[in-house]
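Peer 1: First the structure, then my questions, so here it is.
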Amino acid sequence: MDQHQDIAQVLITEQEISNRIKELGIEISRDYDGKELVLVAILKGAAIFLADLVREISIPLSFDFVAISSYGADSRSSGVVRLLKDLDESIESKHVLVVEDIVDTGWTLRLSYIVENLRSRKAASVRVCTLLDKPSQRKLDVGIDYYGFTVEDKYVVGYGLDFNGKYRNLPYIGALKPEVYGGG
Ligand code: 5GP
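For the sequence shown, our numbering assigns the number 11 to the initial residue and increments by one for each residue that follows.
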């Protein structure tokens, strides 16, 4: 079974992703020059983005992972978030860049939880880098410091982003056919 068949439309090609990550890498390398930088990726969606991004950053850095989970009858609206996997190393006095796959409703849920959590550990700074930004969904203004692309209000998969755990290994960002997710 070829999972490309489930994609209605390629929204961002592999080449476009690669070009944009090179630009982000240059920007981040310049902004954090001389600072102790730790990238903290949120599993699992940001893992592929992190792997490509760190190889475009030229200054010394380390990276770590957290896993967080929303739960409750309606996790999206309840805003209850739980830490499933914590950092391995202390971030005290370090400059932290949170790496996220997509910011949708944003500051209200995952991101606000993780940013506040990391700030409370006396990091020198905590900023956010997301591959995709979906601003149309957002009720609150969120402090995104770096973003790769803006996407329209569609459910997207690929390049780390999943639907029911699948499609993360697609090399591009695409929109699923409605029949795949039971819509339309
Ligand atoms: P937020 O807290 O910003 O509303 O939720 C962000 C999280 O929701 C993302 O990290 C991702 O896991 C999920 N998400 C939001 N929009 C999409 C989408 O279009 N596609 C996929 N695969 N996940 C999404």
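Even for Gly, the Cβ is constructed at its ideal location relative to N, Cα and C. Treat the numbers as computed from the prediction; the structure is a model and nothing was measured.
#1: Taking a contact to mean a Cβ-Cβ separation below 8 Å, would you say L142 touches V161 in this structure?
#2: Can you look up R148 in the DSSP assignment and give me helix, strand or coil?
#3: Assuming I78 contacts V91 (C-beta within less than 8 Å), just tell me the rounded distance between them.
#4: Within a Cβ cutoff of 6 Å, which residues of the same chain sit near R129, ignoring the five residues on either side of it in sequence?
#5: Along the beta strand (DSSP E) that carries G153, what are the first and last residues, could you check?
#6: Can you check whether the CB of V108 is closer than 8 Å to the CB of V138?
#7: Do I38 and V76 count as a contact pair if the criterion is CB distance below 8 Å?
#8: What residue range is occupied by the uninterrupted alpha helix (DSSP H) comprising E6?
#9: For D16, name the three-state secondary structure that DSSP assigns.
#10: So the beta strand (DSSP E) V91 belongs to, where does it begin and stop?
Peer 2: Judging by the given coordinates:
#1: Yes, these two residues count as a Cβ contact at 8 Å.
#2: Here R148 sits in coil by DSSP.
#3: The Cβ separation is near 6 Å, so the contact holds.
#4: The residues are V136.
#5: For G153, there is no enclosing beta strand (DSSP E), as DSSP marks it with neither H nor E.
#6: A contact, by the Cβ cut-off of 8 Å.
#7: Going by beta carbons, V76 and I38 fall outside the 8 Å limit.
#8: The shown model of the chain, from 11 to 194, leaves out residue 6, and the question about it has no answer.
#9: Correct three-state label for D16: helix.
#10: For V91, the uninterrupted beta strand (DSSP E) segment begins and ends at V91 to K95.
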